[in-house]
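Chains A and B, in that order, give the protein sequences. Taking the working numbering, the leading residue of the first sequence gets 1, the next gets one more, and so forth. Taking the working numbering, the leading residue of the second sequence gets 284, the next gets one more, and so forth. Note that beta-carbon positions come from the ideal geometry of N, C-alpha and C, so glycine has one too. All values derive from a computational prediction rather than experimental measurement. Let me begin by presenting the structure, written as structure tokens, before commenting on it.
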Amino acid sequence: MRVKRHRKALESAVAVLMALPFLLPLLVILADSFLSDWELRQLMAEVGSFVEGRFLPLRIPPVEASLHQYRAMLLNRPEILRTLFNSTGIVIVTLAGMLMVAPPAAFAFAKLRFRGRDLLFLGYVVLLLLPFQVMCVPQYLTMDALQLMDSPLALILPEVFSPLYVFLIRQFLRSIPDSLLEAAALDGAGLVRTYVSIVVPMSVPALCVCGMLCTAKCWGMIEQPLLFLKTRALFPLSLYINEMLSAGQPEFLSACVLAVTPVLLLFLLLNDDIMKGITQMEL
Amino acid sequence: MKGRQASAYLLLAPSLLGVLTFYVVPLAWGSAFAVWSPAKGFLGVQALADTMGNAMFQQGLSNTLLFLITAVPLTLGLALCLSFIVYFLRSTSGWVQSLLFLPYIVPTVAVIFMFRWAFDFNGVINRLLSVLEIPRVIWLSGAQMRAVILSLFVWKNTGFFVVLLSARLSGTPRELVEAAQLDGAGRWRCIWHIYLPQLRPTLVFSTVLCTVQALDIFRECYLLSGNYPAREVYTLQHFLYNCFHRGDYASAASALYALLPVIAGLVWLLLRGDAREKA
């Protein structure tokens with residue numbers, strides 16, 4: 001019994017050691033967002049200097065913890081709340097659209113037989129392999145033609161119809177046995193009934209995975225708003241933080257905490273379903 | 284049966300329509316710009332040839348490819364090792380996977396200055412080096428910048444692939460491993476003959492996905508050094524953007540053709556993997 005407990009402690013220690021490098025940057029952001037004014041100044045003055053023999057005074061935890069940066073962010077840059085609102089809006093609309101469009105298509109690809117299915121699916125796979133740099137010029141031209149330039153829809157629509165989510169949900173649905181759907185058909189359920197009352201409830205883990213990936217992607221967008229948006233009032237949080245960073249604004253640490261927290265909370269909330277979804281996908 | 288066909292198309296219709304509007308048609312239209320312009324009419328292959336000969340284009344392409352062949356093996360190699368560790372540490376594997384997944388969903392822009400500070404002349408990395416009595420390196424300029432971007436990429440993406448791979452590992456039939464152990468196979472033999480073959484389809488898929496991510500490295504380069512970076516981190520996408528902002532659509536569009544072989548390779552890899560699994 002004692003050996004077993006020792007083993008467990010050892011395993012936990014190894015696990016923590018392994019995860020630490022991946023968590024450290026996030027922990028430092030959180031800790032340093034509580035730096036007081038003078039500590040932050042001292043730190044910023046040292047960044048980029050080439051004096052030998054000294055090192056960045058990263059104070060973890062801060063000597064004099066304060067909410068100074070959060071207050072300064074809200075007082076000096078109230079427009080950050082607007083960018084937060086913009087980002088939230090983009091994420092919510094994209095999620096809603098994606099969750100309406102992708103699952104039925106994935107269901108059709110995974111479980112129904114129709115002419116041209118395999119060829120169409122191959123097309124989807126090819127499209128999901130295209131990096132953004134291949135798509136950016138063509139999409140710019142299209143948005144321009146559709147008069148969607150300088151509108152959040154230019155960021156939202158390509159993501160709503162992204163073939164990636166159809167692919168992921170399809171790979172998940174393939175692990176659901178056909179016999180279940182056939183049994184429903186024998187009971188007289190039509191295609192729509194089967195979809196709504198069996199396929200959708202069963203694919204919740206896959207929808208959580210797609211929802212999380214989609215949220216993370218929309219929330220962190222840089223290239224798309226850079227290309228498609230001109231009005232500053234429409235900028236998302238991610239782009240705004242980049243501006244703060246390049247302008248050397250000292251409140252950016254609290255802004256980064258603001259940018260990280262929502263996605264982390266969502267992930268914590270959906271953690272079990274996400275892990276289950278990834279495990280069941282045939283990837 | 285006919286009704287079922289129709290309803291399948293109906294379920295597919297919204298997605299298909301969107302994919303056509305925002306992916307297929309733009310792609311066809313955009314690639315046409317390489318050989319045709321509204322003002323000058325048909326350009327022939329001249330624009331393509333000009334782009335291929337452009338020094339900055341070649342710089343961008345070779346940087347992008349160099350990044351690809353370093354980042355993908357490094358990320359996947361690390362992910363493979365970590366996924367085995369996660370798998371063998373059964374008691375903790377749940378929460379470790381969740382923790383490793385975090386960097387993947389956090390916006391890059393929020394951690395970029397952490398890397399800038401870590402690789403600062405007076406940062407943590409140089410501090411570690413000086414403990415080992417290695418002279419400090421100026422990381423944030425020139426070719427050393429590649430190392431910074433590489434580590435950012437590895438940091439961000441490894442965890443995602445660890446989760447993918449260890450999910451597949453956990454599906455390994457236990458009887459197979461137990462039978463092998465009864466026959467006297469050690470842990471390494473089990474890894475080589477049972478676990479790795481089990482992982483193969485996921486490894487193929489991960490390679491493809493990781494390559495696509497690595498092609499999109501522009502974001503990290505842009506966040507670290509803006510629109511006009513050092514030669515060593517000038518990516519293909521920088522070239523594309525600069526052409527595009529000059530209104531030179533022909534060059535921007537023809538730069539796409541340079542990536543065609545890479546993308547064709549990915550599709551081939553994926554299809555081959557799929558066929559092998561079916562066989």
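(request) Just confirm the distance between the C-beta atoms of L120/A and Q224/A, as a whole number of angstroms; I'd bet it's less than 8 angstroms. (result) With a Cβ gap of about 26 angstroms, L120/A and Q224/A do not count as contacting.
(message) Beta-carbon within less than 7 angstroms of F522/B's beta-carbon, same chain only, minus the 5 sequence neighbours each way: which residues are those?
(response) M339, F340, G343 and A538
(request) Could you tell me the distance, in whole angstroms, from the CA atom of K285/B to the CA atom of N271/A? (result) Low local confidence applies: a pLDDT of 49 at K285/B is under 50, so the model's placement there is unreliable, and no value is given.
(message) Is there a Cβ of chain A sitting closer than 9 angstroms to that of P484/B, yes or no?
(response) yes
(message) Can you find the residues in the same chain that come closer than 6 angstroms, C-beta to C-beta, to T358/B, ignoring five residues on each side of it along the sequence?
(response) V437, N440, T441 and C493
(request) Give the range of the alpha helix (DSSP H) segment to which F85/A is assigned. (result) E79 to K111
(request) Below 8 angstroms on the Cβ atoms is my guess for N405/B versus F55/A; work out the distance and round it to an integer in Å. (result) 5 angstroms
(message) So the candidates are V445/B, G425/B and E503/B; which of them puts its Cα closest to the Cα of T490/B?
(response) V445/B
(request) Report the residues of the segment 92-115 of chain A with a CB closer than 8 angstroms to any CB of chain B, ordered along the chain. (result) M100, V101, A102, P104, A105, F107, A108, F109, L112, R113, F114 and R115
(request) Please list the partners that M275/A has in chain B, where partner means a Cβ-to-Cβ separation under 9 angstroms. (result) G377, Q380, S381, F384, V446 and A450
(message) Please classify G104/A as buried or exposed, where buried requires at least 16 neighbouring CB atoms within 10 angstroms.
(response) The sequence given here has Pro at residue 104/A, not Gly. P104/A is buried by the Cβ-count criterion.
(request) Pick out whichever of M18/A, W219/A, T231/A and L268/A has its Cα sitting closest to the Cα of L95/A. (result) W219/A
(request) Quick one: give me the first and last residue of the alpha helix (DSSP H) that R41/A is part of. (result) D37 to E46
(message) When you measure from the CB of L207/A to every non-hydrogen atom of the ligand GDP, does any distance come out below 8 angstroms?
(response) Only the bare structure without any ligand can be found here, which leaves the ligand GDP out of the picture.
(request) Provide the residue(s) that pair with F402/B in DSSP beta bridges, ordered along the chain. (result) Answer by DSSP bridge pairing: none, since F402/B is not bridged.
(request) For my contact list, A533/B and A330/B are in at a C-beta cut-off of 8 angstroms; report their separation, rounded to the angstrom. (result) 4 angstroms
(request) Grab me the residues of I432/B's own chain with a C-beta within less than 8 angstroms of its C-beta, minus the 5 sequence neighbours each way, in chain order. (result) F350, I500, E503, C504, L507 and V516
(request) Starting from M397/B, find everything on chain A with Cβ-Cβ shorter than 7 angstroms and list it in chain order. (result) P25, V28 and I29
(request) Starting from the beta carbon of T279/A, find every residue of chain B whose beta carbon is closer than 8 angstroms, and list them in chain order. (result) A450, S453 and G454
(request) Count the other CB atoms, across all protein chains shown, that sit within 10 Å of the CB of R5/A; report buried if there are 16 or more and exposed otherwise. (result) exposed
(request) Answer with yes or no whether the minimum CB distance from I241/A to chain B is below 9 angstroms. (result) yes
(message) Using only the alpha-carbon positions, how far apart do K276/A and S203/A sit?
(response) 11 angstroms
(request) Give a yes or no on whether the C-beta atoms belonging to E64/A and R419/B are separated by under 9 angstroms. (result) no
(request) Provide the residue(s) that pair with F325/B in DSSP beta bridges, ordered along the chain. (result) W319/B
(request) Starting from S179/A, follow the alpha helix (DSSP H) in both directions and report where the run begins and ends. (result) D178 to L186
(request) Compute the Euclidean distance between the alpha carbons of T88/A and R82/A, then round it to the nearest angstrom. (result) 10 angstroms
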